[in-house]
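Down below is the structure, laid out as structure tokens.
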Amino acid sequence: MARRIEVTGAGGVRLAAWEFADPPKEGTGPGAPGVLLLHGLMGRAAHWAPTARGLAGRHRAVALDQRGHGQSAQPPEEACTREAYVEDAEAALEQLALAPAVLVGHAMGALTAWQLAARRPDLVRGLVICDMRASALGAASQAEWADWFRSWPLPFATLADVRRWFGEDDPRLERPDPARGAFYAEVMHECADGWRPVFDPDRMLRTRATWVHDAHWDELTQVRCPTLVVRGLDGELGRAEAQEMVRVLPHGHYAEIPEAGHVPHYDQPTAWQGVLDQFLADLEGAP
Numbered sequence: 031m032a033r034r035i036e037v038t039g040a041g042g043v044r045l046a047a048w049e050f051a052d053p054p055k056e057g058t059g060p061g062a063p064g065v066l067l068l069h070g071l072m073g074r075a076a077h078w079a080p081t082a083r084g085l086a087g088r089h090r091a092v093a094l095d096q097r098g099h100g101q102s103a104q105p106p107e108e109a110c111t112r113e114a115y116v117e118d119a120e121a122a123l124e125q126l127a128l129a130p131a132v133l134v135g136h137a138m139g140a141l142t143a144w145q146l147a148a149r150r151p152d153l154v155r156g157l158v159i160c161d162m163r164a165s166a167l168g169a170a171s172q173a174e175w176a177d178w179f180r181s182w183p184l185p186f187a188t189l190a191d192v193r194r195w196f197g198e199d200d201p202r203l204e205r206p207d208p209a210r211g212a213f214y215a216e217v218m219h220e221c222a223d224g225w226r227p228v229f230d231p232d233r234m235l236r237t238r239a240t241w242v243h244d245a246h247w248d249e250l251t252q253v254r255c256p257t258l259v260v261r262g263l264d265g266e267l268g269r270a271e272a273q274e275m276v277r278v279l280p281h282g283h284y285a286e287i288p289e290a291g292h293v294p295h296y297d298q299p300t301a302w303q304g305v306l307d308q309f310l311a312d313l314e315g316a317p
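In the working numbering, the protein residues as written are 31 to 317.
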């Protein structure tokens, strides 16, 4: 089951937060160690459902649909700033009484998580960064993404076509990736002419532009809590950059998941859950 909780984000934007537990576990209500899960660009809270359920035995795990995503509100474009995303996560921690919490972020959500951890160390006792680079990606990267969005053969006739294109036919793929197809199938909805994304790709591109032109190393150095940097072996975060991120973090740790790409929690959910569980166990056992 999934329980929706309303959160008021920065500027009064309505956000949807979700608790996934089937059934809810004893001891995971208010007072249990809090975990806030933050999806990446184009993602949604439901992408974290297996992870949240895996944590539910000992933690109160909540996933947030970030502004412009999932079932949260679609504010004006000018309201989708980096500052707003960070303030939304801050509001979620406070309104849901999760703090001091562990933040688990994937891609864009990981950047939000470490920016919040740097700003509000009182709210964050641990941090997991999944496949997000600290380096500036620049204009060339944005142009590649714009070309990629234009290459989508919209509308898709069926969800099977969605899975096939993103998991097999997408020219960006080096080899078939069924987990990637499943990931994108979850962010499509049926329209009169077929299946289309629940988001506006142009809006996603503009949201991405709020961080890709800047490096974020300085904010990493300001994160004081224990932090785990996780990368899929075939993900977007390279090993050398990941290890440099660990080096600059005051309390950085590193984990690598074989046979996983950009979304290790989809590609290798068992291995991902094991890495996450070990980090949380180490964190809770620390003096």
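For each residue, glycine too, the CB sits at the ideal point set by N, CA and C.
Please read all numbers here as calculations on a predicted model, not as lab measurements.
**Asked** Between the beta-carbon of TRP302 and the beta-carbon of ARG238, is there less than 8 Å?
**Response** Here residue 302 refers to the residue found at position 272 of the sequence shown. Here residue 238 refers to the residue found at position 208 of the sequence shown. No, the pair does not count as a contact, with Cβ atoms beyond the cut-off.
**Prompt:** What are the boundary residues of the alpha helix (DSSP H) that PRO227 is part of?
**Reply:** Reading the sequence shown from its first residue, position 197 is the one you call residue 227. Taken as a continuous stretch (DSSP letters only), PRO227 belongs to no alpha helix (DSSP H), being part of the beta strand (DSSP E) at 224–227.
**Item:** Bounding residues of the alpha helix (DSSP H) (the contiguous stretch that carries ASP248)
**Value:** Residue numbering aside, residue 248 sits at position 218 when the sequence shown is read from its first letter. Boundaries of the alpha helix (DSSP H) harbouring ASP248: 247–251, taken from the DSSP string.
**Message:** Spatial neighbours of PHE309 within its chain, please: C-beta separation below 6 Å, excluding the five flanking residues on both sides.
**Reply:** The residue you call residue 309 lines up with position 279 of the sequence shown. So the list reads LEU258, once near-sequence residues are dropped.
**Request:** Per DSSP, which residues does ARG90 bridge with? Please list them.
**Result:** In the sequence shown, residue 90 corresponds to position 60, counting from 1. ARG90 pairs with GLY64.
**Asked** How far does the alpha helix (DSSP H) with ARG112 in it reach, from first residue to last?
**Response** For the purposes of this step, residue 112 is identified with residue 82 of the sequence shown, where counting begins at 1. Here the alpha helix (DSSP H) through ARG112 covers 112–125.
**Message:** Spatial neighbours of ARG202 within its chain, please: C-beta separation below 8 Å, excluding the five flanking residues on both sides.
**Reply:** The residue labelled residue 202 in the question sits at position 172 within the sequence shown. Cβ neighbours of ARG202 beyond the five flanking positions: TRP178.
**Prompt:** Cα separation between PRO151 and LEU235?
**Reply:** Position 121 of the sequence shown holds residue 151. Position 205 of the sequence shown holds residue 235. Cα-Cα distance, rounded: 30 Å.
**Prompt:** Who are the Cβ neighbours of TRP247 in its own chain at under 7 Å, not counting the five residues just before and after it?
**Reply:** Reading the sequence shown from its first residue, position 217 is the one you call residue 247. ALA164, VAL278, listed in sequence order.
**Prompt:** Which one or two residues does DSSP pair with THR81 in a beta bridge?
**Reply:** Your numbering for residue 81 matches position 51 in the sequence shown. DSSP lists no partner for THR81.
**Request:** Identify the continuous beta strand (DSSP E) that holds ARG150 and give its terminal residues.
**Result:** Locating residue 150 in the sequence shown gives position 120, where the first residue counts as 1. First-last for ARG150: undefined, no H or E at that position.
**Asked** Whose CA, out of GLU220, GLY224, GLU198, CYS221, lies closest to the CA of ALA212?
**Response** Within the sequence shown, numbered from 1, the residue matching residue 212 stands at position 182. Out of GLU220, GLY224, GLU198, CYS221, GLU198 has the C-alpha closest to the C-alpha of ALA212.
**Message:** Mapping the DSSP letters down to three states, classify THR58 as helix, strand or coil.
**Reply:** The sequence position of residue 58 within the sequence shown is 28, counting from 1. Since pLDDT at THR58 reaches only 48, below the 50 mark, its modelled position is unreliable, and the value read off the structure follows with that caveat. Residue state for THR58 is assigned as coil, using DSSP reduced to three classes.
**Message:** Could you tell me the alpha carbon to alpha carbon distance between PRO54 and ALA32, rounded to whole angstroms?
**Reply:** Within the sequence shown, numbered from 1, the residue matching residue 54 stands at position 24. Within the sequence shown, numbered from 1, the residue matching residue 32 stands at position 2. In this prediction, PRO54 scores a pLDDT of 48, lower than 50, which makes its location untrustworthy; the coordinate-derived value is nonetheless stated afterwards. For the pair PRO54 and ALA32, the Cα-to-Cα distance works out to about 9 Å.
**Prompt:** Out of curiosity, what's the CA-to-CA distance linking GLU49 and VAL242?
**Reply:** Taking the sequence shown and counting its residues from 1, one reaches residue 49 at position 19. Taking the sequence shown and counting its residues from 1, one reaches residue 242 at position 212. Roughly 31 Å between the two C-alpha positions.
**Message:** Quick check: what's the CA-CA separation for PRO280 versus LEU157?
**Reply:** Your numbering for residue 280 matches position 250 in the sequence shown. Your numbering for residue 157 matches position 127 in the sequence shown. Their Cα atoms are separated by approximately 12 Å.
**Rounded Cβ spacing between ALA109 and VAL43 (contact assumed at less than 8 Å)** = In the sequence shown, counting from the first residue as 1, residue 109 sits at position 79. In the sequence shown, counting from the first residue as 1, residue 43 sits at position 13. Yes, they are in contact, since the Cβ atoms of ALA109 and VAL43 sit about 7 Å apart, within 8 Å.
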